[in-house]
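Taken in sequence, the protein lines are chains A and B. Taking the working numbering, I'd label the letters of the first sequence as residues 549 to 1064. Taking the working numbering, I'd label the letters of the second sequence as residues 56 to 364. Idealized CB from N, CA, C, for every residue including glycine. Taking it in order: structure first as structure tokens, then the write-up.
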Amino acid sequence: MNATGQPVPHRPELLRVDGVTKAYPGVVANSDVSFAISEGEIHALLGENGAGKSTLVKMIYGLVKPDSGRMVFRGQTYQPSEPRAARAAGVAMVFQHFSLFEALNVAENVALGMENPPPMKELASRIRAVSTEYGLPLDPSRMVGDLSAGERQRVEIIRCLLQDPKLLIMDEPTSVLTPQEVDILFRTLRQLASEGTAILYISHKLEEIRSLCDEATILRRGRVVATCTPRERSAREMAELMVGATLTPPARAGGDKGAVALEVAGLSVASPIPFGTSLKDVSFAVRRGEVLGIAGVAGNGQDELLLALSGELKSASDAVKIDGIGFGDMGPNARRRVGLVAAPEERLGHAAAPDMSLVENALLSGVVRKGLTRAGFIDWTATQDFAARIVQAFDVRTPGTHVAARALSGGNLQKFVVGRELSQSPSVIVINQPTWGVDAAAAAAIRQAILNRAAEGAAVVVISQDLDELLEIADSFAALNGGRLTKPRPVQGLTVEEIGLMMGGAHGMEVVHHGA
Amino acid sequence: MFGGIDPTLLIASLMVASVPIILAAIGELVVERAGVLNLGVEGMMIMGAVCGFIAAVETGSPVLGFVGGAAGGAALSLIFAVLTQFLLANQVATGLALTLFGLGLSSLLGQGYVGIKPPLTGVVPFGPLADIPVLGKIVFGHDWVVYLSIAVVAAAWWVLKSTRMGLILRAVGESHDAAHALGYKVRRIRMLAILFGGGMAGLGGAYISLVRVPQWTDGITSGAGWIALAIVVFAAWRPWRALVGAYLFGGITVLQLNLQAAGARIPVEYLSSAPYLITILVLVIMSSGRGKAALNAPASLGQNFHASR
């Protein structure tokens, strides 16, 4: 009954982590970390990106060896040398970036995560049985590449459950789910906990932790800074413990919107990505000064929409109009010239060339609008200035503009990439996942910068999987689902329930959802 | 129609002509299914050809010759494995270098063996079965390596499809990061796959120098390794289709030889380039569909793996 908030006395301790330290060259990922989990407890591990949560659970799962400290599991010293040993001891893990194989089917994926899988036929029937028992229906013969993100997570969870784990580790499980799917997941987790399975739940989503978890350990820069009972704390208190500073939400200037700057009408394009989602009849319009937030579970056409808007994916001329002129059949540079800039989700390899310096990366996208060439030759002085100004204005932490893009941390590179686009006095801005993997302070800075450009009269399209982010900065809201875009609606007055339904509800779960 | 061309003989001889390509292609298919692109097939084949030839001549045993051939190919592939799996060298460049190295080294090793006849690899005695009309010649008239090549295709198909070993191999080729996260030894699995590929290519090469030609000359494989690489793509990484592809190529090779012998009024140059041209043509047609063939490719093909965390 732990999930309902009533204290359960005398639960035996399952795992104790005692003074564990792990250092990598140049960074201490975990320093003297201690905490304990009891059987049937849902324990939150809370912290920002880079706080050391992932390293800690990788040590528990045997992927990383601690430098010092010890762990005790079910009363015995526990030193897993590899994931196999951890699985044999009764520890299972659902990964943040799914450890699934797209070209294999569900049963094969499950078999790969088991020590001694039964023959395929028997395994398939066990998958069916366990998945219905926990309200997570799955067809064992389907290709994982064809599944939605929520269904893929089900595959991972079922893979763990078939091994009858004593401790289930979940690394940021809800970042790819619709609100309805989150509900279903939580119900499953509570059911598991009531059966005695302990769950180590990693997240930075505070409201979720407050509703789900019994205890929380908060990490900052590799150290345990606090432990608390989430239900007794406010989300704000926990956020400040996590960040170590007080947070101010971004300020938003109200005001009238101008003329339509970007208009998309009946945009349908095939996806160039294997297992991608083609766009089907996407239509919307964004006015100057307006921020349109586009939500959706990963893999529902977000990448394709960004490509179609940036010009990397061409369409019919009139499908994409900038300031009333058709640009659908034009490439990225033609669109940049008239003021449309785009920042894709993938920082390394798409938004930035990993092995090129920040100066060169600044040139690659800024050359058109900032006039960084003279008679066909690169004006390195001007380019250097441009890069230096981005670094300064967006607080990019780097030894200098000469370092390679790949040397920057994810958050810093994201600030650079977004800063580079926003510094080109754009009239239309398209950004996919502006704050993915960025810590809270940097995320707030990026959001503020986007809002500032909107206030200066730019039309902004923000594609994101972070609903809180969209609700914070967007004026209007639409959702991508299977390559189709819902009709944009004003953000004011939208409920989470409605948003979830716009995102497609719980994919393929409606029947069970109502039956459960 | 074609003068003196006998279809029974044609089929029987295309089965023999295809053996080196089948063996090399199946080896490379397994390597690529594990996510490694080894373009050094030609080099490993010719190393197998020369090592097999030397071993057979020195021991007087054709069987030991084939063993030597496989060992020679595997030894060369070990260089590739160490360079790409441990030193993280670029696979395409390393594979090309391996071919050049193999061609040069084989020519050096084979210097004293030009003009010698190797011990004969005999036909498997099937007794009265071989006297069955038509079928006897096609099915029961070959040496043991022909049957081995078909058995290898069947074994590769079965292992990849139905065994846990095959599943793990495919998983590693599909996503080495996910496989590593689950605790599989990506590097070890790929090493073994590369060695298997080298051994099979070496066996194919030895078949050329011990049975097909049979003698040693420089550059004896004459591009068979490249054809094997093309056939892996043609087969969309499926063993049985590799067999079909190899028979298709072998068939055209044998047919053009027969046409030459029958005195067809087409210049010899066109005839002898026909198998290569047709292979290119088929590849272009296969790949032009955009998708099917590409989707079947192992997702991690040609990418180096490094366990960074």
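- Message: Contact between the region 698-710 of chain A and the region 977-996 of chain A is defined here as three or more beta-carbon pairs at a separation below 8 Å; is this criterion met?
- Response: Touching, no.
- Item | Backbone CA spacing between residue 843 of chain A and residue 155 of chain B [nearest angstrom] | 53 Å
- Item | Backbone secondary structure at residue 580 of chain A - three-state DSSP | strand
- Message: For residue 770 of chain A, which residues in the same chain have their Cβ closer than 6 Å to its Cβ, ignoring the five residues on either side in sequence?
- Response: 576, 577, 578, 579 and 600
- Coil, strand or helix - residue 1071 of chain A by DSSP: In the structure displayed, chain A extends from 549 to 1064; residue 1071 of chain A sits before or after that span and is not available.
- Which first and last residues belong to the alpha helix (DSSP H) in which residue 811 of chain A is found? Run containing residue 811 of chain A: none in the alpha helix (DSSP H); it sits in the beta strand (DSSP E), 808-817.
- Of the residues that make up the region 75-100 of chain B, which ones have a beta carbon closer than 8 Å to any beta carbon in chain A? none
- Message: Let me confirm a value: residue 220 of chain B is counted as buried when at least 16 other C-beta atoms fall within 10 Å, else exposed. Which label applies?
- Response: exposed
- Task: Could you list which residues in chain B have their beta carbon closer than 7 Å to that of residue 631 of chain A, in chain order?
- Result: 237 and 238
- Query: Applying a beta-carbon distance threshold of less than 9 Å, which residues of chain A neighbour residue 223 of chain B?
  - Reply: 660
- Could you tell me whether any Cβ in chain B is nearer than 9 Å to the Cβ of residue 822 of chain A? Residue-level contact by beta carbon holds for residue 822 of chain A and chain B, with a gap shorter than 9 Å.
- Leaving out five residues before and five after residue 661 of chain A in sequence, what residues of the same chain have Cβ atoms less than 7 Å from its Cβ? 707
- Item | Local conformation of residue 554 of chain A per DSSP, three classes | Per-residue confidence for residue 554 of chain A stands at a pLDDT of 48, beneath the threshold of 50, marking its modelled position as unreliable; no derived number is given.
- Same chain, Cβ closer than 6 Å to residue 62 of chain B, five either side skipped, listed in chain order: none
- Query: If residue 188 of chain B and residue 112 of chain B are in contact, beta carbons under 8 Å, what's the gap, nearest whole angstrom?
  - Reply: With a Cβ gap of about 38 Å, residue 188 of chain B and residue 112 of chain B do not count as contacting.
- Query: Looking at residue 80 of chain B and residue 283 of chain B, is the spacing between their C-beta atoms short of 9 Å?
  - Reply: yes
- Query: Who pairs with residue 624 of chain A in a beta bridge, going by DSSP?
  - Reply: A:621
- Short CB-CB distance (under 9 Å) between residue 651 of chain A and chain B: The beta carbon of residue 651 of chain A sits closer than 9 Å to some beta carbon of chain B.
- Task: Would you tell me roughly how many angstroms separate the C-alpha atoms of residue 948 of chain A and residue 993 of chain A, rounded to the nearest one?
- Result: 20 Å
- Item | Backbone secondary structure at residue 763 of chain A - three-state DSSP | strand
- Using DSSP with H/G/I as helix, E/B as strand and the rest coil, what is residue 432 of chain B? There is no way to answer for residue 432 of chain B, as the model of chain B reaches only from 56 to 364.
- Query: Where does residue 654 of chain A land, buried or exposed, given buried means 16+ other C-beta within 10 angstroms?
  - Reply: buried
- Message: Taking the alpha-carbon of residue 91 of chain B as reference, which of B:137, B:329, B:103 and B:169 has the nearest alpha-carbon?
- Response: For the residues B:137, B:329, B:103 and B:169, the minimum Cα distance to residue 91 of chain B belongs to B:137.
- Please go through the same chain and pick out, in chain order, the residues whose beta-carbon is closer than 7 Å to the beta-carbon of residue 227 of chain B, but skip the five residues on each side of it. 89, 90, 234, 239, 241, 244 and 245
- Query: Using the C-alpha atoms, what's the distance from residue 297 of chain B back to residue 895 of chain A?
  - Reply: So the alpha carbons of these two residues sit roughly 39 Å apart.
- Give the range of the beta strand (DSSP E) segment to which residue 1025 of chain A is assigned. 1024-1029
- What separation, rounded to the nearest whole angstrom, lies between the Cα atoms of residue 78 of chain B and residue 207 of chain B? C-alpha separation (whole angstroms): 8 Å.
- Measure from the C-beta of residue 1024 of chain A to each C-beta in chain B and report whether the shortest distance is under 9 Å. no
- Query: Got a sec, what are the start and stop residues for the beta strand (DSSP E) residue 834 of chain A sits in?
  - Reply: For residue 834 of chain A, the enclosing beta strand (DSSP E) begins and ends at 827-835.
- Message: Cutting at 7 Å between CB atoms, please list the residues of its own chain near residue 351 of chain B, excluding the five before and the five after it.
- Response: 291 and 292
- Query: Which bits of chain A does residue 229 of chain B rub up against, with CB to CB less than 8 Å?
  - Reply: 649, 650, 651 and 652
- Query: Would you say residue 611 of chain A reaches chain C, if we count a Cβ-Cβ gap shorter than 9 Å as a contact?
  - Reply: This model lacks chain C altogether, as its protein chains are A and B.
- Query: Which value, in whole angstroms, describes the spacing of the CA atoms of residue 254 of chain B and residue 997 of chain A?
  - Reply: 60 Å
- Do the CB positions of residue 1002 of chain A and residue 839 of chain A come within less than 9 Å of each other? yes
- Does the region 785-793 of chain A come close enough to the region 585-604 of chain A to have 3 or more Cβ pairs within less than 8 Å? yes
- Item | Selection from B:182, B:203, B:289 and B:281 that minimises the alpha carbon distance to residue 300 of chain B | B:289
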